[in-house]
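Notes follow once the structure below has been shown.
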Amino acid sequence: MESGVRKEDKPPPSSFNLPQLPPSVKPGPLRKIIMVASIAAGVQFGWALQLSLLTPYVQLLGIPHTWAAFIWLCGPISGMLVQPVVGYHSDRCTSRFGRRRPFIAAGAAFVTIAVFLIGYAADIGHLSGDSLTKTAKPRAIAVFVVGFWILDVANNMLQGPCRAFLADLSGTNQKKTRTSNAFFSFFMAVGNVLGYAAGSYTHLYKLFPFSRTKACDVYCANLKSCFFISIALLLTLTILALSYVREKPWSPEGSPGEGGDEEEEEEAIGEAKESVPEPFFGEIFAALKNLQRPMWILLLVTCLNWVAWFPFLLFDTDWMGREVYGGDSSGNADQLKMYDRGVHAGALGLMLNSVVLGVTSLGVEALARGVGGVKRLWGIVNFVLAICLAMTILITKLAQSNRRYTTVNGGTHLLTPPPGIKAGALALFAVMGIPQAITYSIPFALASIFSNTSGAGQGLSLGVLNLSIVIPQMVVSVASGPWDALFGGGNPPAFVVGAVAAAVSGILAFTMLPSPTPDIPSNKRAGSIAFL
């Protein structure tokens with residue numbers, strides 16, 4: 026047997042060191058990789074709608090602004106629990122349809138169910154006894170919460186197996202692996218742009234006249250219509266991909282048609298029989314004890330970075346509707362109309378943000394070389410993020426001091442903010458796409474690089490890194506509402522905390538984060554940063 030590792034040197038099998046037969050030497054064709062990666066556009070379309078429209082929607086159902094953040098706990102919780110569990114079982118799935126395809130299909134089906142529950146929450150609540158004259162609609166809220174949690178779980182069911190499927194198709198070809206990840210990121214950007222564009226169009230409900238009902242106003246009908254399009258896109262892409270790209274059934278006793286040495290197969294089969302599943306987080310916490318200093322610093326910088334990001338990601342469109350446009354989701358008809366306009370303007374801002382994010386992602390390598398390495402680049406953009414979050418306070422104050430009204434038939438009506446303030450707010454959304462692109466790429470690349478020194482696998486290191494992302498999200502979700510309430514409500518207090526966290530993250534990135542070896546000028550090494 027020709028192997029670079031002797032049998033006695035192999036680590037014991039675990040839930041992160043999975044027993045698998047030797048992969049096929051020949052990777053799949055690029056067209057199949059593109060087909061599977063395109064599913065990301067459908068998934069991200071739904072995520073974009075969540076970020077831009079769902080926080081205002083829950084307030085329309087009667088959930089107070091202070092408690093709206095608790096709804097968003099599902100995202101980090103499901104990301105922390107569902108993806109590892111689904112990934113674990115998809116690695117061992119023996120279905121005749123393959124390992125990944127059943128989970129992808131199931132995830133798409135659950136997304137469809139969840140979207141219908143969310144879109145029709147107000148109608149189901151009204152049919153169940155909710156009063157149209159009362160602000161709070163408890164039955165509609167219950168339906169919405171169930172649908173929202175199913176949606177987040179289903180989205181996580183989709184993303185993990187999709188990325189694993191791409192890895193399977195790439196085989197041992199590292200170039201194909203980087204290319205597949207690049208296409209997945211590209212289609213995520215496409216889904217973002219499409220989702221935010223749909224969310225910013227205020228007359229989409231006219232394509233589906235039946236969407237507007239007694240219990241569902243224009244805003245609600247627009248949300249329904251967006252979700253109809255989201256379902257159609259996701260199901261179309263999923264059906265096309267799963268129909269065109271086939272998987273060979275996998276079995277721990279052997280995998281027909283795969284190449285590899287017979288002795289290696291026997292060893293892999295023996296490991297599969299001997300392996301005993303271990304608790305996911307038991308292994309993660311054990312790995313934390315053995316982390317070296319560079320990884321701990323990376324986790325700290327990443328944690329603070331997401332403390333800065335999550336308040337804005339959670340309440341960006343609400344900020345546009347409430348603070349910039351002066352509307353109120355629970356106010357009179359005039360305030361509600363202005364709030365709706367602000368939310369849709371925020372969705373437009375998120376679309377601009379996605380365009381800048383996509384363009385910046387393609388230039389991460391050049392930016393890193395220009396500033397002297399990824400460490401400096403991450404520190405710089407954290408300060409950019411801090412400045413942008415601080416600018417939300419300035420824009421809020423300017424909007425409040427320049428609030429305009431008009432008198433029609435003896436009544437006073439609120440006008441939209443001056444063009445300069447609207448342009449400033451939209452420009453802020455766009456500029457924040459630059460630090461966001463770095464946040465989505467550099468931390469994951471650094472985790473992979475630092476894990477090499479400790480001998481940890483990439484999956485384990487990224488799993489540990491994920492804890493530094495989801496834990497801040499849960500903390501912000503719980504604390505942001507009560508924190509804002511201490512200062513009279515609204516979003517600026519949480520944004521101030523985010524600005525401080527971003528500045529501290531930038532300082533730590535400059536002063537404590539070690540410079541990885543890929544910072545040495547090398548086309549091959551720099552290229553790995555651009556795709557990881």
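Each residue of the sequence shown is one higher than the one before, counting from 26 in the working numbering. Cβ coordinates follow ideal geometry from the N, Cα and C atoms, glycine included. Owing to the predicted nature of the structure, the values given are computational and were not obtained by experimental measurement.
Taking the alpha-carbon positions, what's the residue i to residue j distance?
| i | j | result |
| --- | --- | --- |
| Val168 | Val178 | 16 Å |
| Gly458 | Leu338 | 12 Å |
| Gln84 | Ala73 | 18 Å |
| Asn378 | Arg125 | 32 Å |
| Gln461 | Ile166 | 32 Å |
| Leu533 | Leu490 | 17 Å |
| Val525 | Ala411 | 7 Å |
| Gly150 | Tyr364 | 23 Å |
| Pro443 | Gly351 | 12 Å |
| Lys105 | Cys118 | Lys is not the amino acid found at residue 105; the sequence shown has Met there. Approximately 21 Å, taken between the alpha carbons. |
| Tyr230 | Ala257 | 15 Å |
| Lys447 | Leu78 | 19 Å |
| Ala147 | Cys241 | 6 Å |
| Ser255 | Tyr226 | 14 Å |
| Ser115 | Asn180 | 15 Å |
| Gly282 | Val495 | Because Gly282 sits at a pLDDT of 35, beneath the cut-off of 50, its placement in the model cannot be relied upon, and the following sentence gives the value as read from the coordinates. Roughly 40 Å separates the two Cα atoms. |
| Ser120 | Val521 | 50 Å |
| Leu538 | Lys400 | 7 Å |
| Ile405 | Phe235 | 50 Å |
| Leu471 | Asn516 | 32 Å |
| Glu391 | Thr238 | The sequence given here places Ala at residue 391; Glu does not occur at that position. Answer to the nearest angstrom: the Cα atoms are 52 Å apart. |
| Ile264 | Val384 | 29 Å |
| Ala393 | Phe208 | 21 Å |
| Gln184 | Tyr145 | 25 Å |
| Ala370 | Leu86 | 21 Å |
| Gly295 | Pro274 | Reliability fails at Gly295, whose pLDDT of 45 lies under 50, so the model's placement of it is uncertain and the value that follows must be treated cautiously. Answer to the nearest angstrom: the Cα atoms are 19 Å apart. |
| Tyr82 | Cys245 | 7 Å |
| Ser493 | Gly523 | 16 Å |
Using 8 Å as the threshold, is the C-beta distance between residue i and residue j below it?
| i | j | result |
| --- | --- | --- |
| Phe408 | Ala519 | no |
| Ala66 | Leu262 | yes |
| Val68 | Leu260 | no |
| Thr464 | Trp321 | no |
| Met182 | Val111 | yes |
| Leu142 | Val171 | yes |
| Gln498 | Trp344 | no |
| Ser153 | Arg164 | yes |
| Gly224 | Ala372 | yes |
| Tyr430 | Leu439 | yes |
| Leu414 | Ala527 | yes |
| Gly220 | Phe70 | yes |
| Leu194 | Ser205 | yes |
| Ile467 | Leu402 | yes |
| Glu272 | Gly123 | yes |
| Pro336 | Val529 | no |
| Ala566 | Ile175 | The shown model of the chain, from 26 to 557, leaves out residue 566, and the question about it has no answer. |
| Arg366 | Thr441 | yes |
| Thr342 | Val381 | no |
| Gly64 | Ala222 | In the sequence as presented, Gly is not what sits at residue 64; that position holds Ile. Cβ atoms of Ile64 and Ala222: not closer than 8 Å. |
| Cys187 | Val107 | no |
| Val218 | Met376 | yes |
| Gly445 | Ser540 | no |
Residue i bridges to which residues according to DSSP?
| i | result |
| --- | --- |
| Leu339 | According to DSSP, Leu339 bridges with nothing at all. |
Please list the terminal residues of the continuous alpha helix (DSSP H) segment that includes residue i.
| i | result |
| --- | --- |
| Thr261 | 243-269 |
| Thr238 | Run containing Thr238: none; DSSP gives neither H nor E here. |
| Val349 | First-last for Val349: undefined, no H or E at that position. |
| Phe128 | 126-144 |
| Thr119 | No alpha helix (DSSP H) contains Thr119, which DSSP labels as neither H nor E. |
| Ser386 | 358-387 |
| Thr464 | 458-464 |
| Asp155 | Here Asp155 belongs to no alpha helix (DSSP H), and DSSP marks it neither H nor E. |
| Asn181 | 163-195 |
| Pro518 | 517-536 |
| Gly71 | 64-74 |
| Thr565 | Here the chain has residues from 26 to 557 only, and residue 565 is not among them. |
Tell me the residue span of the beta strand (DSSP E) that contains residue i.
| i | result |
| --- | --- |
| Val433 | 430-433 |
| Gly436 | 436-439 |
The ligand SAH and residue i: does the residue's C-beta get closer than 7 Å to at least one heavy atom of that ligand?
| i | result |
| --- | --- |
| Met182 | As presented, the structure is devoid of all ligands, the ligand SAH included, so that no description of it is given. |
Three or more C-beta pairs below 8 Å linking the segment 237-256 and the segment 398-418: no
Sufficient close CB pairs (3 or more, under 8 Å) joining the segment 323-333 to the segment 355-375: no
Cβ contact (3+ pairs, closer than 8 Å) linking the segment 133-140 and the segment 53-63: Short answer: they don't touch.
The segment 151-161 contacting the segment 206-218, beta-carbon criterion three pairs below 8 Å: no
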